[in-house]
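FYI, the numbering for the sequence shown is 414 to 869, going by our numbering.
Where a beta carbon is used, it is the ideal one built from N, C-alpha and C, also for glycine.
Remember, it's a predicted structure, so these values are computed and weren't measured experimentally.
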Amino acid sequence: STQSTGTTCSMQWLVLLAVLPLASPFQITVGLPLQNLDLLDTSFWRIADPSSPDYLRFLSLDQLGNMIGAHHHTIANTSAWLIGMGGHSLTVSPLRDTVTAEFDEDGSRAEGWIPSRHPGLESDFILRRDQQSSADHPPARNQLASSARSGTLGYTVSGQKQAYGIPADLTATNESTLQMVWGPGTFGYSVSELSAFKDSQVPLLNLDKVKFDTANHGHSGDNYMEGNLDTQMISAFGLNVSTLVSNTNTSTSTEEGNGFGQAMLDFLVSLSSRSQLPQVLSLSLGSLSARSCNMLCHKAADKGIAPDDCKKFIQQQRQVCMFMSEAEQTRINLALKLLGARGVTVFGSSGDGGAHFSFQKFEGGQIADVLNQVSCEYQLPVFPSSSPYIVSVGGTVGSGLFRPNLSKPKAWAVSYTHLRAHETPEHLVCRLLLEKKKNTINYTTQNVLVWTAQLR
414 STQSTGTTCS MQWLVLLAVL PLASPFQITV GLPLQNLDLL DTSFWRIADP
464 SSPDYLRFLS LDQLGNMIGA HHHTIANTSA WLIGMGGHSL TVSPLRDTVT
514 AEFDEDGSRA EGWIPSRHPG LESDFILRRD QQSSADHPPA RNQLASSARS
564 GTLGYTVSGQ KQAYGIPADL TATNESTLQM VWGPGTFGYS VSELSAFKDS
614 QVPLLNLDKV KFDTANHGHS GDNYMEGNLD TQMISAFGLN VSTLVSNTNT
664 STSTEEGNGF GQAMLDFLVS LSSRSQLPQV LSLSLGSLSA RSCNMLCHKA
714 ADKGIAPDDC KKFIQQQRQV CMFMSEAEQT RINLALKLLG ARGVTVFGSS
764 GDGGAHFSFQ KFEGGQIADV LNQVSCEYQL PVFPSSSPYI VSVGGTVGSG
814 LFRPNLSKPK AWAVSYTHLR AHETPEHLVC RLLLEKKKNT INYTTQNVLV
864 WTAQLR
């Protein structure tokens with residue numbers, strides 16, 4: 414589960430509570446306020462600008478650490494605070510942006526690990542990492558991944574490569590090239606599914622180049638489906654590229670609720686300090702941004718819905734609002750900027766809902782009706798796709814109305830419901846989506862997810 418406390422520093426406390434009982438050994442990571450962020454921003458855009466003399470002149474760990482690393486007195490004060498709370502074996506990240514301490518099961522003096530106030534402590538966030546369960550979750554055979562593998566609906570890897578002018582035998586030859594996919598919760602992939610996918614569609618796929626980044630290999634669940642598709646597509650289109658499949662947090666709160674944002678923050682901050690980075694990081698999961706969620710409930714309040722009732726309702730919805738605050742997203746954006754400055758290109762899914770951010774309407778009485786109305790009146794960005802430091806990726810569909818020509822792809826204009834944008838006025842698209850029958854939405858969701866998988 415996830416819990417936050419009141420803001421007492423430059424951003425806010427963010428505490429990731431136990432995955433296992435509180436008696437287990439755990440880590441506490443303190444995210445430190447950084448220096449020279451204006452200089453980092455200037456450097457990032459110079460690296461990204463083809464007209465700049467610094468174009469693609471990426472920065473090293475040492476260069477970035479010297480530029481943005483926290484003051485030594487901040488590190489010293491944080492270390493002293495952690496030791497005073499019972500921590501030991503302290504480590505400072507190479508970027509000097511975090512301090513991490515180990516805690517024994519009976520050595521901590523913090524009740525439930527809600528941070529105590531300390532006048533000398535400066536931090537942007539505090540995260541708790543508990544030991545993950547070692548229970549073996551047998552991966553369930555994923556029917557959606559199987560459908561994608563068999564190439565139903567006419568969407569095949571070879572067909573997509575041909576449509577985009579990608580040679581079917583284009584393979585990487587540089588052994589140092591690395592690509593990565595990430596997700597929390599049940600995210601992972603099935604080795605047997607990937608092998609069957611190779612046999613049926615991608616004979617040149619090198620199974621030996623696909624590896625797990627952590628001990629969390631995924632198990633049956635929504636994110637496991639996503640992980641299978643992500644792994645299949647990135648390894649099929651990046652042939653012979655070393656591929657890491659990463660799941661850094663298996664807490665159930667990360668699957669659909671706002672624990673996801675904390676897991677993403679922890680992952681990206683940690684990744685930015687690794688000595689070896691991928692050239693490509695693919696992120697297919699996300700939700701409405703924290704600002705969008707705040708706006709959603711603010712506008713609902715204007716229509717008579719109490720803010721607390723709104724927030725409670727949307728946290729009960731699947732993957733609608735998975736970030737705790739705009740401050741959290743600010744630090745995620747900072748981590749994405751650091752990765753870009755080091756040479757990582759991050760791709761993020763622009764969302765599945767088209768004119769409506771979700772793939773089906775809210776249901777559940779007056780609150781749902783009001784939120785549906787607000788959702789259609791405003792454009793509500795999803796995150797991390799809306800971050801300026803990643804490449805936002807949408808989908809394509811075959812040209813043609815009744816018999817789409819998959820060899821002539823065009824931009825995917827709307828949503829799961831297969832509304833035809835060239836025939837439907839924009840102001841009607843969302844309303845028509847909400848009027849669709851649920852069984853139709855469920856059917857088209859599966860079809861389009863299979864198709865979307867072929868584009869990753």
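Review point. Taking the C-alpha atoms as reference points, what is the distance between residue 469 and residue 809?
Key: The sequence position of residue 469 within the sequence shown is 56, counting from 1. The sequence position of residue 809 within the sequence shown is 396, counting from 1. Just so you know, the alpha carbons of residue 469 and residue 809 end up roughly 29 Å apart.
Check your understanding: Based on the DSSP output, what are the partners of residue 593 in its beta bridges?
Key -> Taking the first residue of the sequence shown as position 1, residue 593 is located at position 180. In the DSSP output, where bridge partners are listed per residue, residue 593 has 657 and 694.
**Study point:** Selection from 489, 439 and 510 that minimises the alpha carbon distance to residue 449
**Key:** Here residue 449 is taken as the residue at index 36 of the sequence shown, counted from 1. Ranked by how close their Cα comes to the Cα of residue 449, the residues 489, 439 and 510 have 510 in first place.
**Study point:** Distance between residue 718 and residue 763 (C-alpha atoms, nearest Å)
**Key:** As a first step, residue 763 is located in the sequence shown; it is residue number 350 there, counting from the start. As a first step, residue 718 is located in the sequence shown; it is residue number 305 there, counting from the start. Their Cα atoms are separated by approximately 29 Å.
Point to revise | Sequence-distant residues of the same chain with beta carbon closer than 8 Å to residue 780, five excluded per side | key: For the purposes of this step, residue 780 is taken as residue 367 along the sequence shown, with counting starting at 1. If the five residues before and after residue 780 are omitted, its C-beta is found closer than 8 Å to the C-beta atoms of 713, 718, 722, 723 and 726, all from its own chain and listed in chain order.
Check your understanding: Taking Cβ positions, are residue 801 and residue 676 nearer each other than 8 Å?
Key -> Residue 801 sits at position 388 when you count from the first residue of the sequence shown. Residue 676 sits at position 263 when you count from the first residue of the sequence shown. Not a contact, by the Cβ cut-off of 8 Å.
Exercise for review: May I ask you to report which of helix, strand or coil DSSP gives residue 486?
Suggested key: Position 73 of the sequence shown, counting from 1, holds the residue named residue 486. Under the three-state reduction of DSSP, residue 486 is assigned to helix.
Exercise for review: Could you tell me the distance, in whole angstroms, from the CA atom of residue 517 to the CA atom of residue 749?
Suggested key: Stepping through the sequence shown from its first residue, residue 517 is reached at position 104. Stepping through the sequence shown from its first residue, residue 749 is reached at position 336. Each residue's Cα considered, the two are about 32 Å apart.
**Study point:** Cβ separation of residue 796 and residue 742, assumed to be a contact under 8 Å, to the nearest whole Å
**Key:** Numbered from 1 along the sequence shown, position 383 holds the residue referred to as residue 796. Numbered from 1 along the sequence shown, position 329 holds the residue referred to as residue 742. That pair is a contact at about 6 Å.
Point to revise | Range covered by the alpha helix (DSSP H) that runs through residue 683 | key: Residue 683 sits at position 270 when you count from the first residue of the sequence shown. Residues 672-684.
Practice item. Tell me whether residue 453 is buried or exposed, calling it buried when 16 or more other Cβ atoms sit within 10 Å of its Cβ. Key: As a position in the sequence shown, residue 453 is number 40, starting the count at 1. By the 16-neighbour rule on beta-carbons within 10 angstroms, residue 453 is buried.
Point to revise | Delimiting residues of the beta strand (DSSP E) encompassing residue 501 | key: The residue labelled residue 501 in the question sits at position 88 within the sequence shown. DSSP places residue 501 inside the beta strand (DSSP E), whose first and last residues are 501-505.
Check your understanding: Would you report the Cα separation of residue 458 and residue 696, rounded to the nearest angstrom?
Key -> As a position in the sequence shown, residue 458 is number 45, starting the count at 1. As a position in the sequence shown, residue 696 is number 283, starting the count at 1. Each residue's alpha carbon lies about 22 Å from the other.
Review point. Leaving out five residues before and five after residue 698 in sequence, what residues of the same chain have Cβ atoms less than 6 Å from its Cβ?
Key: Here residue 698 refers to the residue found at position 285 of the sequence shown. Cβ neighbours of residue 698 beyond the five flanking positions: 596.
Practice item. Report the residue from 733, 701 and 589 whose alpha carbon sits nearest the alpha carbon of residue 799. Key: As a first step, residue 799 is located in the sequence shown; it is residue number 386 there, counting from the start. For residue 799, the nearest C-alpha among the options comes from 701.
Check your understanding: Taking the Cβ atom as the reference point for each residue, do residue 665 and residue 636 lie within a distance shorter than 8 Å?
Key -> Along the sequence shown, one-based indexing puts residue 665 at 252. Along the sequence shown, one-based indexing puts residue 636 at 223. With respect to residue 636, residue 665 sits apart: the two C-beta atoms are not nearer than 8 Å.
Review point. Exposed or buried, which one is residue 410 when buried takes at least 16 other CB atoms within 10 Å?
Key: This structure leaves residue 410 out entirely; the chain is present only between 414 and 869.
Point to revise | Cβ distance (whole Å) where residue 755 is taken to contact residue 477 below 8 Å | key: If you number the sequence shown from 1, residue 755 lands on position 342. If you number the sequence shown from 1, residue 477 lands on position 64. Right, their Cβ atoms sit about 7 Å apart.
Review point. Starting from residue 608 and walking both ways along the alpha helix (DSSP H), at which residues does that stretch end?
Key: One-based indexing of the sequence shown puts residue 608 at position 195. Where residue 608 is concerned, the enclosing alpha helix (DSSP H) starts and stops at 604-613.
Check your understanding: Are the CB atoms of residue 654 and residue 622 nearer to each other than 8 Å?
Key -> By one-based count along the sequence shown, residue 654 stands at place 241. By one-based count along the sequence shown, residue 622 stands at place 209. Yes, these two residues count as a Cβ contact at 8 Å.
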